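The numbering used here numbers the first residue of the sequence shown as 5 and each following residue consecutively. All residues carry an ideal CB built from backbone N, CA and C; glycine is no exception. In this text, all values refer to a predicted model and were calculated from it rather than measured experimentally. Here's the structure we're looking at; comments come further down.
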Amino acid sequence: MFPLARRALGLSARGIQHTVTRQAHRKLEPDFHEKYGNLIFLSGVAFGIGTWTYACLQLPLAWNFSPVGRLTPKEWRD
5 MFPLARRALG
15 LSARGIQHTV
25 TRQAHRKLEP
35 DFHEKYGNLI
45 FLSGVAFGIG
55 TWTYACLQLP
65 LAWNFSPVGR
75 LTPKEWRD
């Protein structure tokens with residue numbers, strides 16, 4: 005019975021050592037994406053909205069609005 009008990013204690017001590025080792029390797033500070041991820045995302049959204057706003061307002065685009073109600077038919081020539 006003694007070797008079985010000794011082996012059980014060795015396994016539990018090894019498990020505790022693994023747990024302590026895993027906790028010792030935790031990140032102590034956030035990485036780049038955790039620190040700046042949202043800021044970079046929001047600046048990209050702002051850049052995209054600004055670019056499309058400029059393109060829609062400054063470039064000479066023909067918008068092809070509907071002529072319904074603004075045009076009247078011409079009389080037929082007989």
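Given this structure, state the Cα-to-Cα distance separating residue i from residue j, to the nearest angstrom.
i, j, result
"arginine 81", "glycine 52", "54 Å"
"tyrosine 58", "serine 47", "16 Å"
"tryptophan 56", "threonine 76", "36 Å"
"leucine 61", "aspartate 35", "40 Å"
"serine 70", "leucine 63", "20 Å"
"valine 49", "glutamate 79", "53 Å"
"leucine 43", "histidine 37", "10 Å"
"glycine 54", "arginine 74", "34 Å"
"leucine 32", "lysine 39", "13 Å"
Taking only heavy atoms of the ligand COA into account, decide whether any of them is closer than 8 Å to the Cβ of residue i.
i, result
"glutamate 38", "By its list of ligands, the structure shown contains no ligand whatsoever, and the ligand COA lies outside what it can speak to."
**Request:** Ignoring anything shorter than 4 residues or poking outside the segment 31-77, list the alpha helix (DSSP H) runs there in chain order.
**Result:** Runs of the alpha helix (DSSP H) lying entirely within the segment 31-77, each at least 4 residues long, are 36-62 in chain order.
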